[in-house]
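Colleague:
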Amino acid sequence: MERWMNRHDPRHDASPYGMPRGESLTDPDSHDIRALFRSLWQKRWRFLLVMLGVGIAVFVLVSSMAPTYTAYAKVVLDPRKAQIVTGNEVVASLQPSEEMVNGEVAVLSSNLLITDVVNLLSDDLKNKLDPALQPKSLMDRGKDTVKSALGALTGSSPAPTPSSGLSEEEQRTARVVKAIRNGLSVYDEPDSFVIVVKSEFGDRELAQVIPNTVINVYLDTQTGARRDAVTQAADSLQAQVSTLEAEVEAAELAVSEYIAKSVLENGGTLENTVEQLSSLNTQLIATRSERVAARARFTQLESTINTRGPRAAANIVDTPTMETLRVQELSLLQEDAEWARSFDETQKRRVRIRDELEAVGQAMEREVMDVLEIQRNELEIAELREASLSQSIANLEAKVIQISGSMLQLKQLEREAAASRQNYQTLLTRLTEMRSQRDLQQADAKLIETAIRPEIPTAPRPKLMAAFTAILAGTVLGAVILFNEMAPTTFRSSHELERATDLPILSALPKLRRSAARNILSEVKGNPLGAYSEGVRQLRTSLDVMGHRQQTVMLTSALQNEGKSTTLLALAQVTAMANKDVIVLDLDARGPSIKRQLGITLENDLSDYINHKCNLSEVIYRADNLDFDVLAFDDLDLQAVEDLSTDWIEPLITELKDKYDAVLIDSPALFPALDALLISQLVDARILVVACESTQRSAVMRGIRHFKKAHTPIDGAVLSMANNRNASRQYEVGSYEYS
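So this is what it looks like as structure tokens:
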């Protein structure tokens with residue numbers, strides 16, 4: 001027999017309608033918005049019932065709750081104040097900031113401030129707030145009942161209430177403070193420095209009185225605290241002012257006494273001595289300059305005389321006598337030059353001129369020596385004067401040092417006196433400002449809205465809560481439905497099945513009504529042009545157009561209860577209605593369902609044939625009310641499960657093919673066993689049945705992988721138990737039905 005596993009049929013590469021395998025009409029990632037809304041519309045009654053039920057339940061529950069009245073009072077933190085008295089404040093005003101606002105919110109809700117509020121309330125309001133005087137709530141009564149029941153079961157008596165050590169009045173105040181704090185909410189408004197005091201109580205009067213009293217106490221506390229701080233600071237400052245006054249008088253007296261003593265001891269003041277020292281320093285600088293100049297002149301002249309002689313030194317001496325001698329020498333030289341033109345050196349006039357020149361030269365040498373002596377005397381005088389000035393300056397410097405030492409102590413005394421005087425004046429001015437500010441203190445906050453008496457309760461609001469919860473329930477239910485629609489774990493249409501499995505979809509069978517599902521044959525014969533019958537007929541036609549004879553057809557599924565047996569019976573009926581001899585072969589020995597669905601009784605079943613208790617004709621069931629024959633197991637047969645093999649299945653199928661036009665085989669589901677793979681090797685066509693919106697995609701894909709490992713092709717798939725919407729999605733052209 002020719003095996004499909006050994007040949008490749010190119011017809012499996014395309015769907016029965018010419019579409020390439022695995023190719024879709026739409027984008028796999030897209031979603032049909034209209035289909036999503038259709039899904040929601042089909043479940044509209046579920047939506048309405050859920051929303052109505054939740055709304056009624058919430059309305060009844062909320063209506064039974066005690067009413068709550070709400071009131072608001074507001075203050076604003078404002079540092080702007082009238083500057084009546086200049087100077088810094090004793091208690092610095094608050095600079096509004098987020099941290100500061102949070103701190104004031106904590107102050108407004110503190111138990112110390114609430115305690116002051118309780119002390120201002122009347123006894124009637126305290127009684128309304130005292131939990132010990134109020135009737136117990138339903139929850140508290142339930143807790144007491146449970147505790148009593150537990151005590152009765154365990155035989156133990158209730159534990160005594162521990163003593164707190166407080167008086168009855170103190171305990172009552174503590175209870176009222178706790179009640180107020182439970183009903184009070186203090187918070188700041190966003191993007192502002194406004195603090196809101198919100199009260200929620202079951203009494204209108206309490207809702208109005210509590211926030212107003214809290215704010216009044218808060219403002220009075222701020223003003224009183226600031227006034228007390230100023231008074232305390234002024235008293236402390238007064239004592240410091242008295243002490244500093246005595247210190248200033250003592251310091252100024254010490255400065256005066258020290259100045260008189262310094263003048264007597266040093267003979268003058270530091271200013272006069274410094275002035276004299278400055279003058280002597282100026283003279284010393286001039287004297288040193290003169291001494292340096294005299295030494296330079298003397299050294300130059302003496303050096304020239306020693307090296308070149310007195311005659312050469314005459315050139316650097318500039319005195320009136322030397323100028324006269326130079327003129328005489330020049331005149332004699334000119335005259336000698338004129339005589340030399342006409343006479344030689346022996347001429348008398350020239351001899352006399354030379355004698356005169358010699359006399360002039362000697363006179364010049366004497367002048368040079370005289371100048372040298374004068375310069376030596378000038379140098380000695382300059383040195384003596386410099387030494388004298390230096391000594392005088394040294395003496396004055398010693399005196400300045402002595403006076404400066406005395407002045408350091410004087411300046412220290414003056415600084416101490418000035419510091420004491422400044423501190424005294426500062427504190428005296430500050431004391432005056434404090435006394436002026438004491439009666440002008442204002443709170444850092446200002447009341448901008450007072451709480452008014454609420455007329456209607458703010459909670460509970462049964463209608464609003466019922467409507468909100470109903471809408472919320474509907475929204476959650478809709479989100480769950482949309483999520484299931486957009487992220488399915490099952491197959492909802494033939495397109496999804498074809499895209500995921502790459503198998504041609506032979507048909508999509510609608511889900512039958514419960515009454516019709518009990519007798520599938522009646523549905524097919526009684527309504528031959530109905531949607532289900534047309535779907536089965538489409539399956540039969542798809543098998544016929546595969547291009548070769550499909551005599552043995554096996555239907556299997558990934559899991560049980562996917563409509564495999566029902567589809568097989570319907571296919572058998574439609575095939576028989578086409579005047580063909582059909583036999584239904586039930587090879588599911590683990591859970592045979594053909595006998596049960598047909599409601600027949602088998603005298604001999606397939607187990608008898610396998611065990612050679614009877615021949616084939618004796619185990620085939622034939623009845624007048626059936627248009628096809630049946631060969632099935634009567635019940636679970638474990639021995640047949642163990643003996644399932646091609647040794648008896650292949651001869652059986654071969655013999656049935658000789659007698660019938662179509663052999664339709666109901667094979668076991670692929671999971672948990674893989675018996676269907678063995679049967680698939682012996683048939684002409686293999687059909688995978690997948691239940692719409694029921695079979696997990698992972699199970700279907702795992703089953704297909706098992707077929708691929710066995711190198712056995714699956715010829716097509718059938719989407720079973722689909723609703724009308726999913727059944728009509730097979731080719732997205734709608735569904736048609738003849739009436």
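Position 304 of the sequence shown, counted from 1, bears residue number 304 in UniProt numbering, the numbering being contiguous throughout. Glycine is no exception: its CB is placed at the ideal position from the N, C-alpha and C atoms. Computed from a predicted model, the values in this text were never measured in an experiment.
Pick out whichever of 475, 60, 218 and 37 has its Cα sitting closest to the Cα of residue 111.
Modeller: The option with the nearest alpha carbon to residue 111 is 218.
Colleague: Who pairs with residue 716 in a beta bridge, going by DSSP?
Modeller: DSSP, once it has assigned bridges, lists 687 as partnering residue 716.
Colleague: Give me the residue from 499, 513 and 461 with the minimum Cα distance to residue 67.
Modeller: Cα-wise, what sits closest to residue 67 is 461.
Colleague: Rank 344, 326 and 361 by C-alpha distance to the C-alpha of residue 309 and give the top, closest one.
Modeller: Out of 344, 326 and 361, 361 has the C-alpha closest to the C-alpha of residue 309.
Colleague: Where DSSP assigns a beta bridge to residue 459, which residues make up the other side?
Modeller: In DSSP, residue 459 forms a bridge with 68.
Colleague: Could you tell me which residues DSSP pairs with residue 583 in its beta bridges?
Modeller: Answer by DSSP bridge pairing, in chain order: 629 and 663.
Colleague: Tell me the rounded alpha-carbon separation between residue 721 and residue 561.
Modeller: C-alpha separation (whole angstroms): 10 Å.
Colleague: Alpha carbon to alpha carbon, how far is residue 328 from residue 376?
Modeller: Distance between the alpha carbons of residue 328 and residue 376 is about 28 Å.
Colleague: Give me whichever residues DSSP pairs with residue 447 in a beta bridge.
Modeller: Residue 447 is bridged to 75.
Colleague: Does the pairing of the stretch 661–670 with the stretch 565–580 give three or more beta-carbon distances under 8 Å?
Modeller: Yes, since at least three Cβ pairs between the stretch 661–670 and the stretch 565–580 fall closer than 8 Å, the two stretches touch.
Colleague: Could you pull the start and end residues of the beta strand (DSSP E) that residue 556 belongs to?
Modeller: From DSSP, the beta strand (DSSP E) with residue 556 extends over 552–557.
Colleague: Runs of 3 residues minimum, wholly inside the stretch 468–551: which ones carry the beta strand (DSSP E) assignment?
Modeller: If we require 3 residues or more, the beta strand (DSSP E) runs fully inside the stretch 468–551 come out as 505–510.
Colleague: Is the distance from the Cβ of residue 488 to the Cβ of residue 207 below 7 Å?
Modeller: No, the Cβ-Cβ distance between residue 488 and residue 207 is not below 7 Å.
Colleague: Reducing DSSP to helix, strand and coil, say where residue 26 ends up.
Modeller: For residue 26, the predicted model reports a pLDDT of 47, less than 50, meaning its position is unreliable; a value from the coordinates is still stated below. Here residue 26 sits in coil by DSSP.
Colleague: By the three-class DSSP mapping on this structure, what secondary structure does residue 1 have?
Modeller: Low confidence applies here, because residue 1 scores a pLDDT of 33, under 50, leaving its location unreliable; read the following figure in that light. Coil at residue 1, not helix or strand.
Colleague: Out of curiosity, what's the CA-to-CA distance linking residue 651 and residue 601?
Modeller: Between residue 651 and residue 601, the C-alpha separation is close to 25 Å.
Colleague: Give me the Cα-Cα distance between residue 723 and residue 511, rounded to the nearest whole angstrom.
Modeller: Their Cα atoms are separated by approximately 5 Å.
Colleague: Can you tell me the Cα-Cα spacing of residue 249 and residue 443, whole angstroms?
Modeller: Going from the Cα of residue 249 to the Cα of residue 443 covers about 41 Å.
Colleague: Given a cut-off of 7 Å on the beta-carbon distance, is the pair residue 75 and residue 445 in contact?
Modeller: Against a cut-off of 7 Å, the Cβ pair of residue 445 and residue 75 comes out as a contact.
Colleague: Take every Cβ of the stretch 610–627, pair it with every Cβ of the stretch 531–538, and state whether three or more of those distances are shorter than 8 Å.
Modeller: In short, these stretches do not touch, since the Cβ pair count stays below three.
Colleague: Determine the extent of the alpha helix (DSSP H) in which residue 104 is found, giving its start and end residues.
Modeller: Residue 104 -> alpha helix (DSSP H) spans 98–108.
Colleague: Please say whether residue 673 and residue 741 have beta carbons closer to each other than 7 Å?
Modeller: One cannot answer for residue 741 here, as it falls past the ends of the chain, which runs 1 to 739.
Colleague: When you compare only the Cα positions, how much space is there between residue 434 and residue 425?
Modeller: In a straight line, the C-alpha of residue 434 is about 14 Å away from that of residue 425.
Colleague: Specify whether the stretch 408–424 and the stretch 239–253 touch according to this definition: at least 3 beta carbon pairs, one from each stretch, less than 8 Å apart.
Modeller: Segments in contact, yes.
Colleague: Check for me: the beta strand (DSSP E) holding residue 195 runs from which residue to which?
Modeller: That run of the beta strand (DSSP E) goes 194–201.
Colleague: Would the stretch 333–342 count as touching the stretch 386–399 if we require 3 or more Cβ pairs under 8 Å?
Modeller: Result no; under three Cβ-Cβ pairs closer than 8 Å.
Colleague: Could you tell me the alpha carbon to alpha carbon distance between residue 127 and residue 223, rounded to whole angstroms?
Modeller: Rounded to the nearest angstrom, the two C-alpha atoms are 30 Å apart.
Colleague: Grab the span of the alpha helix (DSSP H) containing residue 54 for me, first residue to last.
Modeller: Residue 54 -> alpha helix (DSSP H) spans 44–63.
Colleague: Which whole-angstrom value describes the C-beta separation of residue 685 and residue 553, a residue pair presumed to lie in contact below a C-beta threshold of 8 Å?
Modeller: Yes, residue 685 and residue 553 are in contact; Cβ-Cβ is about 5 Å, under 8 Å.
Colleague: Determine the burial state of residue 215: buried for a count of at least 16 other Cβ atoms within 10 Å of its Cβ, exposed for fewer.
Modeller: It counts as buried.
Colleague: Just reading off the alpha helix (DSSP H) that residue 332 is part of, what are its end residues?
Modeller: First-last of the alpha helix (DSSP H) with residue 332: 320–340.
Colleague: By Cβ distance below 6 Å, which residues in the same chain neighbour residue 669 in space, the five residues on each side in sequence not counted?
Modeller: These residues qualify, in order along the chain: 557, 559 and 560.
Colleague: Within the continuous beta strand (DSSP E) that includes residue 187, where are the two ends?
Modeller: Note, residue 187: beta strand (DSSP E), 184–188.
Colleague: If we call anything under 7 Å between Cβ atoms a contact, is residue 282 one with residue 386?
Modeller: Going by C-beta atoms, residue 282 is not nearer than 7 Å to residue 386.
Colleague: Would you mind stating whether residue 649 and residue 631 have Cβ atoms separated by less than 7 Å?
Modeller: In this structure, residue 631 does not lie closer than 7 Å to residue 649 by Cβ.
Colleague: Assign residue 300 to buried or exposed, taking buried as 16 or more other Cβ atoms, counted over all protein chains shown, within 10 Å of its Cβ.
Modeller: The residue is exposed, with fewer than 16 neighbouring Cβ atoms inside 10 Å.
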